[in-house]
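S.K.: Numbering (my numbering), first residue to last: 420 to 534. For glycine and all other residues, C-beta sits at the position ideal for the given N, C-alpha and C. Keep in mind the model is a prediction, meaning the values are calculated, not measured. For reference, the structure I am asking about is given below.
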């Protein structure tokens with residue numbers, strides 16, 4: 420069974436940084452692309468960044484130059500390094516994976532950017 424568990428969220432001041440992690444089990448992690456999404460209150464869930472099995476990251480325009488996605492295949496973990504955070508980045512952040520058996524999400528981790 421596929422499980423994704425996010426961690427690392429919290430309260431941070433504008434301009435600050437956080438590092439999110441997503442631990443994955445139940446799949447051969449190195450074979451799959453992984454994604455980070457976010458959902459703010461009253462808004463649709465949106466893609467933040469994704470990383471292919473080869474380690475190439477792609478980013479939404481609103482985080483380019485501020486966020487970095489990475490993966491550690493030895494630890495079955497994907498990270499999202501978030502810098503220069505803004506109040507608009509406040510949301511629940513989710514990681515996901517699409518496999519032949521379906522689309523899987525973690526439970527999410529709350530990120531709040533506020534002074």
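Taking only three categories from DSSP, how would you classify residue 532?
M.R.: Counted from its first residue, the chain shown places residue 532 at position 113. If DSSP states are grouped into helix, strand and coil, residue 532 belongs with the strands.
S.K.: Going straight from the alpha carbon of residue 452 to that of residue 533, what length do you get?
M.R.: Here residue 452 refers to the residue found at position 33 when the chain shown is read from its first residue. Here residue 533 refers to the residue found at position 114 when the chain shown is read from its first residue. Put simply, the backbone Cα of residue 452 is about 32 Å away from that of residue 533.
S.K.: How far does the beta strand (DSSP E) with residue 462 in it extend, from its first residue to its last?
M.R.: On the chain shown, residue 462 is found 43 positions in, with the first residue counted as 1. For residue 462, no beta strand (DSSP E) encloses it, and the DSSP letter there is neither H nor E.
S.K.: So who's on the other strand from residue 468, going by DSSP bridges?
M.R.: Translated into the one-based positions of the chain shown, residue 468 becomes position 49. Answer by DSSP bridge pairing, in chain order: 455 and 478.
S.K.: Mapping DSSP to helix, strand and coil, what is residue 449?
M.R.: Counting from 1 along the chain shown, the entry for residue 449 is found at position 30. Three-state DSSP puts residue 449 in a helix.
S.K.: Using the C-alpha atoms, what's the distance from residue 457 back to residue 465?
M.R.: Within the chain shown, residue 465 is the residue found at index 46, counting from 1. Within the chain shown, residue 457 is the residue found at index 38, counting from 1. Here the C-alpha atom of residue 465 lies approximately 5 Å from the C-alpha atom of residue 457.
S.K.: Within a Cβ cutoff of 6 Å, which residues of the same chain sit near residue 398, ignoring the five residues on either side of it in sequence?
M.R.: Because the chain in this structure spans residues 420 to 534, residue 398 falls outside the shown range and cannot be described.
S.K.: Count the other CB atoms, across all protein chains shown, that sit within 10 Å of the CB of residue 454; report buried if there are 16 or more and exposed otherwise.
M.R.: Position 35 of the chain shown, counted from the start, is the residue given in the question as residue 454. Residue 454 comes out buried.
S.K.: Considering only the beta carbon of each residue, do residue 531 and residue 427 sit closer than 8 Å?
M.R.: The sequence position of residue 531 within the chain shown is 112, counting from 1. The sequence position of residue 427 within the chain shown is 8, counting from 1. Against a cut-off of 8 Å, the Cβ pair of residue 427 and residue 531 comes out as no contact.
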